[in-house]
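Visitor:
Number of protein chains: 2
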Amino acid sequence: MHKELTAKGKATRNRIIEGAAAVLREKDVSVATLDDVMARTRTSKSQLFHYFPEGKDELLLAVAHHEADQVLEDQQPYLGCLDSWEAWQRWRDQVVKRYAEQGEECPLGSLVLHLGRSTPGARDVVVTLMRQWQESLATGIRALQTAGQLPAELDVEHRAAALLAGIQGGVLILQSTGRADHLRAALDQGIGDLRRAAAV
Amino acid sequence: MHKELTAKGKATRNRIIEGAAAVLREKDVSVATLDDVMARTRTSKSQLFHYFPEGKDELLLAVAHHEADQVLEDQQPYLGCLDSWEAWQRWRDQVVKRYAEQGEECPLGSLVLHLGRSTPGARDVVVTLMRQWQESLATGIRALQTAGQLPAELDVEHRAAALLAGIQGGVLILQSTGRADHLRAALDQGIGDLRRAAAV
DNA sequence: AAAAAAATGGACTTGCAAGTCCAGTATCCG
DNA sequence: CGGATACTGGACTTGCAAGTCCATTTTTTT
Numbered sequence: 752m753h754k755e756l757t758a759k760g761k762a763t764r765n766r767i768i769e770g771a772a773a774v775l776r777e778k779d780v781s782v783a784t785l786d787d788v789m790a791r792t793r794t795s796k797s798q799l800f801h802y803f804p805e806g807k808d809e810l811l812l813a814v815a816h817h818e819a820d821q822v823l824e825d826q827q828p829y830l831g832c833l834d835s836w837e838a839w840q841r842w843r844d845q846v847v848k849r850y851a852e853q854g855e856e857c858p859l860g861s862l863v864l865h866l867g868r869s870t871p872g873a874r875d876v877v878v879t880l881m882r883q884w885q886e887s888l889a890t891g892i893r894a895l896q897t898a899g900q901l902p903a904e905l906d907v908e909h910r911a912a913a914l915l916a917g918i919q920g921g922v923l924i925l926q927s928t929g930r931a932d933h934l935r936a937a938l939d940q941g942i943g944d945l946r947r948a949a950a951v
Numbered sequence: 752m753h754k755e756l757t758a759k760g761k762a763t764r765n766r767i768i769e770g771a772a773a774v775l776r777e778k779d780v781s782v783a784t785l786d787d788v789m790a791r792t793r794t795s796k797s798q799l800f801h802y803f804p805e806g807k808d809e810l811l812l813a814v815a816h817h818e819a820d821q822v823l824e825d826q827q828p829y830l831g832c833l834d835s836w837e838a839w840q841r842w843r844d845q846v847v848k849r850y851a852e853q854g855e856e857c858p859l860g861s862l863v864l865h866l867g868r869s870t871p872g873a874r875d876v877v878v879t880l881m882r883q884w885q886e887s888l889a890t891g892i893r894a895l896q897t898a899g900q901l902p903a904e905l906d907v908e909h910r911a912a913a914l915l916a917g918i919q920g921g922v923l924i925l926q927s928t929g930r931a932d933h934l935r936a937a938l939d940q941g942i943g944d945l946r947r948a949a950a951v
């Protein structure tokens, strides 16, 4: 990585990444072209290769990083304070809303799939995202334990993992079928079972 | 659809579909080429376009259909008779085993994603698959109700939907991170919560 | 068995998108 | 102020993969 990036350079680089992200929200990665990115960001070929010498894949990887950060930032306000049942409900609503609005597109998903094993580091992006996400959920469950709302012997990681899987699957189905039922069901069932565990 | 397909023609057509499916298990759809399919199936360009006049997309859609059928066929022996807790456990083990072996690849997923909205019918493949899958799960839950193992007032569809979401998410995470923890957690949690509902 | 229809082989065209090159302009730094 | 270094523009090359075409062989049909 060459660090010789002036302020203007950084700005341009960011403009490219965000422009590329926008393009990828409109069309799939397999049909999105560098010319699309150029058109949207008013840059030239040489700039793209100046900032991303390895070419398209390097750019896409940067976009993936950007998008992954976005996912957590978006829900941080809710995900960061899951210390009451009401907070969990608010978070649930926000997740459903966010993905219902996003609808078809999952730039991150198709991005990682497309980069796949060919690009080292692509997998890391999603691995890291999943770990952080699950960690936040686990923290939330522990907060409920601390508040005495849940028994201490609950297997926190196990429940967090199952919940995360439900979310991912719900979003996947939402994206491939257009129906949000499964996402809602997974969240409600997951939270509901948690509440039932409290009653024991 | 032209029905003028002789026995030999049908055979060749199937050979192409299965060969293409095999290719797609090795490489992503975006890098898989018609020449790959030709090489593997010992066919020529003109044969591909003879059997799939619309070109690559039509072939890919046919492969998607084929793969979707496969998914259900594979687990039918287990999925078809979920009438005891032991049967559920056997099914669970088989799902985990199957996807752990399959590992990285999910031809169907990337296929549908790639065809996306451009190809009408691509979405239908996955919609149908999900509906049938969920239906089988629901049937299994109802079987337990009939056997008196579960209360009659349980919301069957809701639980089936949540379980399906958990599976899909678990598989997704397995594929993008290489870890099967989430798939196992989702299944165990889903079945476990079902059993706990029995105790009430 | 001969005409018709279907199946096959493979060379050729076409189009597009990634990546290269070099020349020109702005910006930084001593 | 002046050299160096970073930034930008756009024409050009290259390679590959989808799709076309027609000649040839095999099978079906009457």
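Sequence lines, in order, name chains V and U. Residue 752 is where the first sequence starts when you use this note's numbering, and the numbers rise one by one after that. Residue 752 is where the second sequence starts when you use this note's numbering, and the numbers rise one by one after that. Just so it is clear, CB atoms sit at the ideal spot from N, CA and C, and this is done for glycine as well. None of these values were measured; they are calculated from a predicted model.
#1: For the alpha helix (DSSP H) holding E755 (chain V), just list the boundary residues, first then last.
#2: For the 8 Å Cβ check, are there 3 or more pairs between the region 847–857 of chain U and the region 784–804 of chain U?
#3: Quick one: grab the DSSP three-state call for P871 (chain U).
#4: What whole-angstrom Cβ distance do W839 (chain V) and L830 (chain V) have, given they're in contact under 8 Å?
#5: Give me the residue from V:I942, V:R843, V:L866 and V:Q900 with the minimum Cα distance to A813 (chain V).
#6: Throw me the rounded Cβ distance for the V876 (chain V) and A815 (chain V) pair, which I believe falls under 8 Å.
#7: The alpha helix (DSSP H) spanning S927 (chain U) covers which residue range?
#8: Cβ atoms of L938 (chain U) and I918 (chain U): under 8 Å apart, would you say?
#9: Would you mind reading off the limits of the alpha helix (DSSP H) that contains D944 (chain V)?
#10: Check the Cβ-Cβ distances between I924 (chain V) and every residue of chain U, and say whether any is below 8 Å.
#11: Are the C-beta atoms of H801 (chain U) and some chain V residue less than 8 Å apart?
#12: I believe A949 (chain V) touches L901 (chain V) by the beta-carbon criterion, under 8 Å. Please report the beta-carbon distance rounded to the nearest angstrom.
#13: For a contact defined as C-beta to C-beta under 7 Å, what are the partners of R841 (chain V) on chain U?
#14: Just verifying my parser: in three-state terms, what is the DSSP assignment at I768 (chain V)?
#15: Considering V796 (chain U), what are the terminal residues of the alpha helix (DSSP H) in which it resides?
#16: Tell me the DSSP secondary structure of S781 (chain V) in three-state form.
#17: Within a Cβ cutoff of 6 Å, which residues of the same chain sit near G891 (chain V), ignoring the five residues on either side of it in sequence?
#18: For a contact defined as C-beta to C-beta under 9 Å, what are the partners of E855 (chain V) on chain U?
#19: Going by DSSP in three states, Q900 (chain U) sits in which element: helix, strand or coil?
#20: Using a C-beta to C-beta distance shorter than 8 Å, which residues of chain V count as neighbours of R874 (chain U)?
#21: Identify the contact partners of V863 (chain U) in chain V, using a Cβ-Cβ distance below 7 Å as the criterion.
#22: Identify each residue in the region 816–827 of chain V for which the Cβ-Cβ distance to at least one residue of chain U is less than 9 Å, and report them in chain order.
#23: Between E856 (chain V) and A898 (chain U), what straight-line distance do the alpha-carbon atoms span, to the nearest angstrom?
#24: What residues from the region 775–792 of chain V come within 7 Å of chain U, judged by C-beta to C-beta, listed N to C?
#25: With a CB to CB cut of under 6 Å and the five nearest residues on each side skipped, what residues in its chain are close to D787 (chain U)?
#26: Return the CA-CA distance between T763 (chain V) and G760 (chain U), expressed in angstroms with no decimal places.
Guide: Well, looking at it:
#1: No alpha helix (DSSP H) contains E755 (chain V), which DSSP labels as neither H nor E.
#2: no
#3: coil
#4: Going by Cβ atoms, the distance from W839 (chain V) to L830 (chain V) rounds to 10 Å, so no, they are not a contact pair.
#5: V:L866
#6: 5 Å
#7: V907 to T928
#8: yes
#9: D932 to A950
#10: yes
#11: no
#12: 5 Å
#13: Result: empty, since nearest Cβ-Cβ is about 20 Å, beyond 7 Å.
#14: helix
#15: According to the sequence as given, residue 796 (chain U) is Lys; it is not Val. Segment K796 to Y802, the alpha helix (DSSP H) holding K796 (chain U).
#16: coil
#17: L833
#18: G867 and R868
#19: coil
#20: S927, T928 and G929
#21: S927
#22: none
#23: 43 Å
#24: D779 and S781
#25: V774
#26: 56 Å
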